[in-house]
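Note that the UniProt record's numbering has the sequence shown beginning at 1, numbered continuously upward.
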Amino acid sequence: RASQPPSRGQAPGGVGGPGRAGGPRGEPGVCGGACSLLRGFRAEPPLKGAPTGAPRGEGAAGAGWGNLWPPPGRFKRILVLISHSQDFLNGVCSNIIHLHNRKLKYYTGNYDQYVKTRVELEENQMKRFHWEQDQIAHMKNYIARFGHGSAKLARQAQSKEKTLQKMMASGLTERVINDKTLSFYFPSCGKIPPPVIMVQNVSFRYSKDGHWIYNNLEFGIDLDTRVALVGPNGAGKSTLLKLLTGELLPTDGMIRKHSHVKIGRYHQHLQEQLDLDLSPLEYMLRCYPEIKEKEEMRKIIGRYGLTGKQQVSPIRNLSDGQKCRVCFAWLAWQNPHMLFLDEPTNHLDIETIDALADAINDFEGGMMLVSHDFRLIQQVAQEIWVCEKETITTWPGDILSYKEHLKSKLVDEEPQLTKKTHNI
């Protein structure tokens, strides 16, 4: 069982705010952005930190992690987790713990229900806040005008002053502190005539005796391409992006590129190229010496959510999410015609993922995406390409229909998985 829950007005790990250590028994919850909070629990039940960061296999990455866990009510323990996958949170959570402005607030329901409830509560809170402020302003004005008037008016002013004091003593409604808005930006890349990249009878394997990853691929991509690559783990999604960028060469066949095309590839190891001793400002100025003014570069970096001290602190002191933003700033200012994004949402929170989706949708060039974040795919992809069995096929529907397809496969496989578990 979890340790003794904190009393009202306290929270584990010294974070202020009312509430309990978690939802009722058997009701999984999420604590957004509070890894240290998990360490404040002395708990026997599992405490999960970012369990969806690197899902393995088609079931996990395809059907959504939430579909691999028992739904709320079937899991007979307390589960506290941190995740930036909205799909996972919707499938697993029955309670949400929101860490905001150093306070904890508790919501019933999954992530979508939390968002809806929070909006409604904050709207009501702001209405109450404005009403109270109007009342205070009215009473203060009355007291100032009539406090020293006739005896009758003075008594009324004193009465309003007592009412005002009671309002202040009982506590006023706080103004809603909105989350910081974040926006990504990919500069205009200009137009180049098609075909931009042509794949002609391409086959690939990593070694002479190895199995074929792809066999006789034939397709083209242009500036209007918006494709998400899906498929089992190891099917070659990342390999395809490496082939298209030239990092890998085809075993057979040919890949033709437009002579002026510029490709920007984001991948999971891009952070390793960062000079950790430099600040984001110093690093970007070194990478783009044509930008002479520091203030201009500060504005550029600020577009990716890095402001103030974050711009001048050594990169090694930044969080993984902040390092990702440095990488996106670096990538964007290469001014690519094509974006190849390989798991770009690792270390990004939900709000940042939304900002990335908006930037991709505003981008004038082409895009190919590998991601286990179905919500991002739904936001930005116009086509779904399935990589499996040495080839690539176009899925006839959207990512949600593909997800349902994978869920049905998981249901069919569940008896076999259960049997294997019992044998273990």
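For glycine and all other residues, C-beta sits at the position ideal for the given N, C-alpha and C.
Environment of residue i [buried if 16+ CB atoms lie within 10 Å]
i, result
"residue 210", "exposed"
"residue 402", "buried"
"residue 344", "buried"
"residue 394", "exposed"
"residue 259", "exposed"
"residue 181", "exposed"
"residue 207", "exposed"
"residue 236", "buried"
"residue 249", "exposed"
"residue 325", "buried"
"residue 243", "buried"
"residue 411", "exposed"
"residue 342", "buried"
"residue 373", "buried"
"residue 86", "buried"
"residue 357", "buried"
"residue 346", "buried"
Residue interval of the beta strand (DSSP E) (run including residue i)
i, result
"residue 426", "This structure leaves residue 426 out entirely; the chain is present only between 1 and 424."
"residue 370", "366-370"
"residue 375", "Residue 375 -> not in any beta strand (DSSP E); alpha helix (DSSP H) instead, spanning 374-380."
"residue 80", "80-82"
Alpha-carbon to alpha-carbon, residue j and residue i
i, j, result
"residue 66", "residue 405", "At residue 66, the pLDDT of 49 sits below 50, so the modelled position is not reliable; the number obtained from the coordinates is stated separately. Computed Cα separation, rounded: 15 Å."
"residue 359", "residue 183", "7 Å"
"residue 129", "residue 303", "32 Å"
"residue 136", "residue 178", "23 Å"
"residue 95", "residue 172", "28 Å"
"residue 286", "residue 310", "17 Å"
"residue 278", "residue 218", "43 Å"
"residue 363", "residue 266", "15 Å"
"residue 119", "residue 105", "13 Å"
"residue 153", "residue 160", "11 Å"
"residue 380", "residue 323", "23 Å"
"residue 252", "residue 385", "22 Å"
"residue 396", "residue 88", "24 Å"
"residue 467", "residue 125", "Missing from the structure shown is residue 467; the chain here goes from 1 to 424 and no further."
"residue 308", "residue 194", "42 Å"
"residue 5", "residue 108", "With a pLDDT of 40 at residue 5, under the threshold of 50, the modelled position of this residue cannot be trusted, and the question is left open."
Bounding residues of the alpha helix (DSSP H) (the contiguous stretch that carries residue i)
i, result
"residue 158", "151-170"
"residue 286", "280-287"
"residue 363", "That residue, residue 363, is in no alpha helix (DSSP H); it is neither H nor E in DSSP."
"residue 92", "86-92"
"residue 302", "294-302"
"residue 111", "111-146"
"residue 243", "237-245"
"residue 180", "It is not in any alpha helix (DSSP H) - residue 180 carries neither H nor E in the DSSP assignment."
"residue 309", "309-312"
Residue nearest to residue i in terms of C-alpha spacing, selected from the options
i, options, result
"residue 425", "255, 93, 253, 286", "This structure leaves residue 425 out entirely; the chain is present only between 1 and 424."
"residue 388", "212, 104, 349", "212"
"residue 157", "167, 141, 166, 168", "141"
"residue 227", "176, 407, 348, 340", "340"
"residue 348", "328, 338, 334, 367", "328"
"residue 318", "168, 292, 271, 333", "271"
"residue 176", "196, 127, 139, 367", "127"
"residue 134", "123, 164, 233", "164"
"residue 84", "256, 382, 375", "375"
Residues that DSSP places opposite residue i in a beta bridge
i, result
"residue 324", "In DSSP, residue 324 forms no bridge with anything."
"residue 385", "229, 394"
"residue 200", "218, 254"
"residue 264", "339"
"residue 100", "103"
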